[in-house]
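*Asks:* Shown below is the structure under consideration.
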Amino acid sequence: MKTLIYDVRELNDDNLKKIDEAAIILRNGGVVAFPTETVYGLGADALNHKAVSKIYEAKGRPSDNPLIVHISDLEQCYSLTDGFNETIEKLAQHFWPGPLTIIVPKSNKVPDITTGGLDTVAIRMPDHPVALELIRRAGCPVAAPSANISGKPSPTKGEHVVEDMFGRIDAIITSGDCKVGIESTILDLSEDVPTILRPGILTPEELSKVMGKEVIIDPAINKIRDKDFVPKSPGMKYTHYAPNAEMIIFQGEKEKVITEIERVKEQKEKEGYKVGIMLYDDQSYLEAAHELFAQLREFDKQNVDLILAGALNSDDSIGFAVMNRMLKSAGYIVVKV
Ligand code: TXA
Ligand code: MG
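Sequential numbering from 850 applies to the sequence shown in the numbering used here.
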């Protein structure tokens, strides 16, 4: 398949024309990758069964793993859910556009393929001028998972999307680095207690403050799962963010972790391994979020065989969110030192 590439950095007249072309592709049932503030998305008309099926095909994504529906205007929410209420309104006022996805009961307008057969739908308004302009011009809500091949780290740079999706979809809009670098916080509002199903840079404390009630974190996050486990978010059960290299996380006192990583590195290099090291400063977890997926892809490019990573402090909300991605990347291999 021929894939058009539109590079769009700022919203000048030339670039708005490119966005218009991409919007027409979406409206006609095509698949277009586009930037958001979190990671790049792989978009199609969320209300068009056939268009959405092309996303699953391009990603190699299991069909029971639902997609997030992206909107540019709060009014689009009214027709996607039967359960619109004050809480949604409040959250939207505070956090949209932004890295928050809400799970709410779906309306019958949303096709089953978009929600993986669930009776709830995930909705988010991304905080990126190109994404908002694209959705607005397409005139439809846009279903979009992260624009990576299923199982690979999410794309945070235009070139990552080109690597994974060139030849598989109709068009890619590249627009430099994604500001945040990890995916949105997913908040399930479909049950009594609001529950975070995927941690992100919006923290439970911030959400709780705006809603005026307690928000809990799904205890299934960051747990190794047995074969009988049925997660609330179908995406939880699949392999994620896996680099080609084997990855090990070292957890413990900072100094000990560094000493152990250096020891293992030396030993493994003697055995002929190419070793990559991933260490983040406690003071800059936002930076870690921004770097993580790009770093994993960079190790793959350099043919690294083994990644040795220092654990982040999970008492910090953003540390917890980044650590969640690292644990998945490493297949939950953690060594305590
Ligand atoms: O930041 C993001 O959220 C990015 C950008 C592109 O917006 N999107 C993203 O989509 O990360 P994806 O498909 O890679 O991850 C969405 C996750 C999946 O784990 C999926 O299982 C879960 O959201 N999900 C979607 N709809 C759901 C629903 N109705 N109930 C529970 N989980 C749902
Ligand atoms: Mg994803």
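For every residue, glycine included, the Cβ atom is placed at its ideal position computed from N, Cα and C. In this text the structure is predicted, and so the values were computed from the model without any measurement.
1) P1002 and P1092 look like a contact to me (Cβ under 8 Å); what is the Cβ gap, rounded to whole Å?
2) Which whole-angstrom value describes the C-beta separation of G892 and S999, a residue pair presumed to lie in contact below a C-beta threshold of 8 Å?
3) Determine whether the beta carbon atoms of A996 and M1014 lie at a separation below 9 Å.
4) Roughly how many angstroms lie between the CA atoms of R876 and K939, to the nearest whole one?
5) Check for me: the alpha helix (DSSP H) holding K1119 runs from which residue to which?
6) Does the distance between the C-beta of E1032 and the nearest non-hydrogen atom of ligand 2 fall short of 8 Å?
7) Measure the CB-CB distance between T1052 and I1167 and report whether it falls below 9 Å.
8) How about Y1004 and E886: are their beta carbons less than 9 Å apart?
9) How about Y1090: is its Cβ closer than 8 Å to a heavy atom in ligand 1?
10) Compute the minimum distance between the beta carbon of P948 and the heavy atoms of ligand 1, and state whether it is under 8 Å.
11) How would you label N897, buried or exposed, when you count the other beta carbons within 10 angstroms and need 16 or more for buried?
12) Which residues in the same chain have their Cβ closer than 8 Å to the Cβ of V959, if we skip the five residues on either side of it in sequence?
13) Any heavy atom of ligand 2 closer than 8 Å to the beta-carbon of S1024?
14) Between N864 and ligand 1, is there a pair consisting of the residue's CB and a ligand heavy atom that are separated by less than 8 Å?
15) Go ahead and label N796 buried or exposed: buried means 16 or more other beta carbons lie within 10 angstroms of its beta carbon, across all protein chains shown.
16) When you compare the CB of P1053 with every CB in chain C, is at least one pair closer than 9 Å?
17) Check each candidate in D1154, D1149, A1137, K1185 and name the one with the smallest Cα separation from M1175.
18) Counting Cβ pairs, one atom from each stretch, are 3 or more of them under 8 Å apart for the stretch 921 to 937 and the stretch 981 to 988?
19) Between the Cα of G965 and the Cα atoms of S912, E1063, A987, G988, which residue gives the shortest distance?
20) In this structure, how does DSSP classify L949 when only helix, strand and coil are distinguished?
21) Using CA coordinates, which residue listed in V1113, A1158, E1147, V1011 is at the minimum distance from V881?
22) Report back the beta-carbon spacing between P884 and C1027 to the nearest angstrom; my notes put them in contact at under 8 Å.
23) Between which two residues does the alpha helix (DSSP H) carrying G1168 extend?
24) What residue range does the beta strand (DSSP E) around Q1100 cover?
25) Just to confirm my understanding: we take I1045, look at its own chain, exclude 5 residues before and 5 after, and list those with CB closer than 8 Å. What are they?
26) Consider the C-beta atom of S1188 and the heavy atoms of ligand 2; say whether any pair is separated by less than 8 Å.
27) Taking just the CA atoms, how far does Q942 sit from G973?
*Replies:* In short, the structure shows the following:
1) The Cβ separation is near 7 Å, so the contact holds.
2) Between S999 and G892 the Cβ distance is about 16 Å, and since that is not below 8 Å, they are no contact.
3) The answer is yes: Cβ separation under 9 Å.
4) Taking the straight line from one Cα to the other gives about 30 Å.
5) Looking at the DSSP string, the run of the alpha helix (DSSP H) that includes K1119 is 1103 to 1119.
6) Taking the Cβ of E1032 as the reference point, at least one heavy atom of ligand 2 falls within a distance shorter than 8 Å.
7) A contact, by the Cβ cut-off of 9 Å.
8) Just to set this straight, residue 1004 is Pro in the shown sequence, not Tyr. With respect to the 9 Å criterion, P1004 and E886 are not classified as neighbours on the basis of their beta carbons.
9) Result no, Cβ not under 8 Å from ligand 1.
10) P948 Cβ: within cutoff of ligand 1.
11) Buried: at least 16 other Cβ atoms inside 10 Å.
12) So the qualifying residues of the chain are A895, L896, V918, L929, V970.
13) For ligand 2, not one heavy atom lies less than 8 Å from the Cβ of S1024.
14) Because no heavy atom of ligand 1 lies under 8 Å away, the Cβ of N864 does not count as near it: no.
15) The structure shown does not extend to residue 796, since the chain is modelled only from 850 through 1186, so no value can be given for it.
16) Among the protein chains of the structure shown there is no chain C, as only one such chain exists.
17) Minimum Cα distance to M1175 is reached at A1137.
18) As far as the Cβ criterion goes, the stretch 921 to 937 touches the stretch 981 to 988, which means the pair count is three or higher.
19) Proximity to G965 across S912, E1063, A987, G988 peaks at S912, based on C-alpha coordinates.
20) Of the three classes helix, strand and coil, the one that applies to L949 here is strand, per DSSP.
21) Out of V1113, A1158, E1147, V1011, the CA that lies nearest to the CA of V881 is found in V1011.
22) Between P884 and C1027, the beta carbon gap of about 6 Å places them in contact (Cβ cut-off 8 Å).
23) 1166 to 1178 is the extent of the alpha helix (DSSP H) around G1168.
24) In the DSSP annotation of this structure, the continuous segment of the beta strand (DSSP E) that includes Q1100 starts and ends at 1095 to 1100.
25) Closer than 8 Å at Cβ, skipping near neighbours: T1034, I1035, L1036, D1037, P1053, L1056, V1064, I1065, I1066, D1067, I1070.
26) In the structure as shown, the chain begins at 850 and stops at 1186. Residue 1188 is therefore absent and cannot be evaluated.
27) The displayed chain sequence assigns Arg, not Gly, to residue 973. A direct Cα-to-Cα measurement between R973 and Q942 gives close to 12 Å.
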